[in-house]
Every structure is written in structure tokens, then in C-alpha cells.
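**Q** Numbering of the sequence shown is given in the working numbering, commencing with residue 356 and proceeding in unit increments. For each residue, glycine too, the CB sits at the ideal point set by N, CA and C. The following block contains the structure, expressed as C-alpha cells.
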Amino acid sequence: MKKKVYAIVLLLLLWTVTACGAAESEKIQNNAEAQKKDPLIGISFDSFLIERWQTDRDVFVDAAEERGARVNVQNANGDVETQISQIRYLISKPVDVLVIIGIDADSLSEVCKEAKNAGIPVIAYDRMLRNTYTDLYVSFDTKKVGKLMGEALAKQELPHRKVLMLNGPTEDNNVIWLAEGFKEVMNEHQITIVDEANMPNWKAEAASDYIYDHKEILGDIDGIMCGNDNLATAVSRALSELRMAGKIKLVGQDADLEACQRIMQGTQVMTVYKPVEYMAKTAAEYACRLAKGESLSDVTDTVSNGEEQIPCVMLDPVAVDQENMDDTVISAGFHLKEDVYLYVPGHGEKE
């Protein structure tokens, strides 16, 4: 009798262990399937010091999460070695796809190869990654941005026909394309570029220092092409201290709030609005597709990264001035009208 009881107990124990094992196996399988349904995207930013990058981050994360993805955001604070280390961390997670806003277009080739060897697709976001394979490049037509800036200056009254170019760093491939577009227009209109300088790591203080160091030539300068609105803000403040605000025509890009305010005040001619919300949503869509192993056969355009032609999605920028501010930046909800018109007499109060 005792032997029968022991046998029954043993059978019950074996059944319990088997059932628990099956349940645990099913749980692991369900978790694995859930991970497949919820891909992990790693995105590496240069920094968030420039106003627009915070918008890119927020819109990208929201758009990716709406598509069921998880996003790991890394901020390198403008340091190349930190960015390389953070990308390696994302590779080790591992993420299903990498999105990179590179600090130095030439310094990330090795770590991008590591991602490729690990089977992780790479998207270059806004800035080209030179001489290394990437699966996709998503950006605005930067050469067109330069042309829009040049055309805006060419329409102004320029008694001396002389301008300055204050670019971003040469490590950013967009700086090269921007300059190409701007110079084409200057040559077409026979406007002389008196000097051209590059601001390391997009540092605004380098732009203001340039103005102070070259104040002796400013009397003959009609306009200054600033590589972005953050540089334009530094230049504008320096010109104000030299009592030259509004005397030299400024152009920039990114549609920063302060730049839009200057345009309405008349101390900046124009900015280039790049609907970053659309670009971030577009990049998030393609990142999710790559993470799930889907084909990007609908992307038919390509661009050279110095080594080979890579698929690209190039979006159109928009020139913004006093005439179309309401119909572009404000109507898109990029900035509130009361904020843009804050320093314009009669328009400071909320409507």
C-alpha cells in the first residue's frame, strides 16, 4: 500500500515539474515574441545644446513608440569619443537598429562597421557619415538650404556687394554642401565673399569672437551667412554691442525662436525652416521597418558618402522671412505667434 502511495506522489511531482517547465518555456517564448514585436532602436545624438535637437528627439521617440518600438536615447555632449563609446554600448544591448547624428563625419567608420558586423542596420540622421556603409541617410537637401540663404541675401540692397561666411565645423558634411549651395548663388550674382571661417563644434562663442576680432572690416560688409541660427544669435549680439545691429544682413537656418523674433524685428533677413517633425517621423518609420527586417525598396534615391552610393530620403527646406512667417513656422505649430511677435510693437500680447 505504501509503495502505491509513494508511486502516486512521485507521479504527481513529475507532472508538476513538467507543467511548471512547460509554463516557464511558454513564458520565455512569449517574452521572445514580445521582444520581436517591440524592436529596440538606439539613437545617438551629438548634443542637445542647439534648440532643434530637443524637438528631433521628442518627435522621434513619440513616433517610434506609436509604432510599437522602444527607444534608447544617448547624448554625447559634443564629444566624439563619448559618442563612439555610447554607440558601442548600444551595439552590445543589442539594439535592432542604430540612428546616428554624427559629431564627426569621418570618425565613426569603425564603430559603424562593428554595427554592420553585428547585423545592426545604421541610419545616418541629418548628417552624412562619410566613408562607411550606412543603410539609409535621412536629411534635408542641404545644398538647397545654402542656395536659399544666398538667394535671400542677393535680393537685399548690398551697396558693397561683399559678404562673410561663418560656417559650422568641417567635420560636418552638411557644412560642405551648405557652402557649395551658397557660393553658387554668390558667384551667379557677382557678390564677393570677403572671408570664410569655420566654427569648431558649432560653438556660438567662436562666431561672436570672430566678429570682435574682425570689426575693422565690418564697415564694408553687407551680409553674413551664419551656418545656423545659433551662430546667428551670437553674431547678432556681437553686432549689437558694436552698435551695428540691423546694418549687416544676417541669414541662418533652423528657424530657432530667437531667429524668428529677429526676423520680425528686422535684424535678420531670413532663416531656413526644416520641418524637423516630419524628418523625425520619417526616420522613425524607416527605423522601425529596418528593425523588423523589412525591405526599403521604396527608397530609390541615392547619395555618395565618399565610399559608395547609399539609399537616401532627402526632404525640402523652406525659406522663411517676414512675409511668410505666419504661413510656415507659425501655422505648422513650430512656434507660437505670441512668442515670435513678442518684441514687435503692438503684437506682444496673446491674441
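1) What is the DSSP secondary structure of Gly-433, counted as helix, strand or coil?
2) Check whether the stretch 573-588 touches the stretch 604-615, taking contact to mean three or more Cβ pairs, one atom from each stretch, closer than 8 Å.
3) By the 10 Å Cβ neighbour count, where 16 or more other Cβ atoms means buried, how is Tyr-567 classified, buried or exposed?
4) Taking the alpha-carbon positions, what's the Glu-535 to Glu-560 distance?
5) If you follow the beta strand (DSSP E) that Ala-674 is in, where does it begin and where does it stop?
6) Hey, which unbroken runs of the alpha helix (DSSP H) at 4 residues or more fall wholly within the stretch 554-640?
7) Label Val-372 either buried or exposed according to how many other C-beta atoms from any shown protein chain fall within 10 Å of its C-beta, with 16 as the threshold for buried.
8) Does DSSP put Ala-534 in a helix, in a strand, or in coil?
9) Is any heavy atom in the ligand HEM found nearer than 7 Å to the beta carbon of Ile-478?
10) For the stretch 403-421 against the stretch 623-639, are there 3 or more C-beta pairs whose distance is under 8 Å?
11) In three-state DSSP terms, what is Arg-425?
12) Tell me the DSSP secondary structure of Asp-417 in three-state form.
13) In terms of alpha-carbon separation, which member of Asn-556, Leu-594, Met-580 lies closest to Ser-563?
14) Would you check if there are 3 or more beta carbon pairs closer than 8 Å linking the stretch 456-466 to the stretch 635-645?
15) Excluding the five sequence neighbours on either side, which residues of its own chain have a C-beta within less than 6 Å of the C-beta of Lys-382, listed in chain order?
16) Which stretch, first to last residue, makes up the beta strand (DSSP E) that contains Met-483?
17) Are the stretch 667-677 and the stretch 489-500 in contact at 8 Å, needing three or more beta carbon pairs?
18) For Gly-661, which residues in the same chain have their Cβ closer than 8 Å to its Cβ, ignoring the five residues on either side in sequence?
19) Suppose you measure from the CA of Asn-386 to the CA of Asp-393; what does that come to, to the nearest Å?
20) Throw me the rounded Cβ distance for the Lys-604 and Val-624 pair, which I believe falls under 8 Å.
21) What are the uninterrupted segments assigned as beta strand (DSSP E) that are 3 or more residues long and contained completely in the stretch 446-526, given in chain order?
22) Go to Val-658, then tell me how far its alpha helix (DSSP H) extends in each direction, as first and last residue.
23) For Ile-572, is the classification buried or exposed, using 16 other Cβ atoms within 10 angstroms of its Cβ as the cut-off for buried?
24) I'd like the span of the beta strand (DSSP E) that includes Val-668, first residue to last.
25) Pull the bridge partners of Thr-765 from the DSSP assignment, please.
26) Let me confirm a value: Ser-399 is counted as buried when at least 16 other C-beta atoms fall within 10 Å, else exposed. Which label applies?
27) Does the stretch 446-454 come within contact of the stretch 642-658, defined as at least 3 CB pairs closer than 8 Å?
28) Are the beta-carbon atoms belonging to Val-684 and Leu-491 less than 8 Å from one another?
29) So what's Ile-398 in DSSP terms, helix, strand or just coil?
30) Using the C-alpha atoms, what's the distance from Gly-501 back to Ala-431?
31) Is the stretch 416-425 touching the stretch 436-444 in the sense that three or more CB pairs, one from each, lie closer than 8 Å?
32) Mind checking whether Ile-446 and Glu-465 have CB atoms under 8 Å apart?
33) Which residue comes first and which comes last in the alpha helix (DSSP H) that contains Val-684?
**A** This is what the structure holds:
1) Taken through DSSP and simplified to helix, strand or coil, Gly-433 comes out as coil.
2) In short, these stretches touch, since the Cβ pair count reaches three.
3) Exposed: under 16 other Cβ atoms inside 10 Å.
4) In a straight line, the C-alpha of Glu-535 is about 24 Å away from that of Glu-560.
5) It spans 673-675 - the beta strand (DSSP E) in which Ala-674 sits, taken as one unbroken run.
6) Listed in chain order, the alpha helix (DSSP H) runs fully inside the stretch 554-640 are 559-568, 584-596, 612-620, counting runs of at least 4 residues.
7) Low per-residue confidence applies at Val-372: pLDDT is 48, beneath 50, and the placement is therefore not dependable, though the value from the model is reported in the following sentence. It counts as exposed.
8) DSSP places Ala-534 within a helical segment (H, G or I) once states are collapsed to three.
9) Questions concerning the ligand HEM fall outside what the structure shown contains, since it holds no ligand whatsoever.
10) Counting Cβ pairs under 8 Å, three or more are found: they touch.
11) DSSP, reduced to helix, strand and coil, places Arg-425 within a strand of the structure shown.
12) Note: Asp-417 maps to helix in three-state DSSP.
13) For Ser-563, the closest of Asn-556, Leu-594, Met-580 by C-alpha to C-alpha distance is Leu-594.
14) Contact between the stretch 456-466 and the stretch 635-645 is absent, because fewer than three Cβ pairs lie under 8 Å.
15) In this predicted model, Lys-382 has a pLDDT of only 46, less than 50, meaning its place in the structure is not dependable; the value taken from the coordinates is given anyway. The beta carbon of Lys-382 is closer than 6 Å to none in its chain, skipping five residues each way along the sequence.
16) Segment: none, Met-483 is in no beta strand (DSSP E) and carries neither H nor E.
17) The answer is yes - the stretch 489-500 touches the stretch 667-677, with three or more Cβ pairs under 8 Å.
18) Closer than 8 Å at Cβ, skipping near neighbours: Arg-485, Asn-486.
19) Low per-residue confidence applies at Asn-386: pLDDT is 47, beneath 50, and the placement is therefore not dependable enough to give any value.
20) With a Cβ gap of about 5 Å, Lys-604 and Val-624 count as contacting.
21) For the stretch 446-526, whole beta strand (DSSP E) runs of length 3 or above, ordered along the chain, are 452-455, 477-480, 491-495, 517-522.
22) Val-658 -> not in any alpha helix (DSSP H); beta strand (DSSP E) instead, spanning 657-659.
23) Per the 10 Å Cβ criterion, exposed.
24) 664-670 is the extent of the beta strand (DSSP E) around Val-668.
25) Nothing about residue 765 can be reported from this structure: the residues present for the chain run from 356 to 706 only.
26) The residue in question, Ser-399, is buried, as its Cβ has 16 or more Cβ neighbours within 10 Å.
27) The stretch 446-454, when compared against the stretch 642-658, does touch it at the 8 Å Cβ threshold.
28) No, they are not a contact pair.
29) Here DSSP, grouped into helix, strand and coil, assigns Ile-398 to strand.
30) If I take the Cα positions, the gap works out to 27 Å.
31) Two segments are said to touch when three or more pairs of C-beta atoms, one from each, lie closer than 8 Å; by this definition the stretch 436-444 does not touch the stretch 416-425.
32) Cβ atoms of Ile-446 and Glu-465: not closer than 8 Å.
33) Careful: Val-684 lies outside any alpha helix (DSSP H) and carries neither H nor E.
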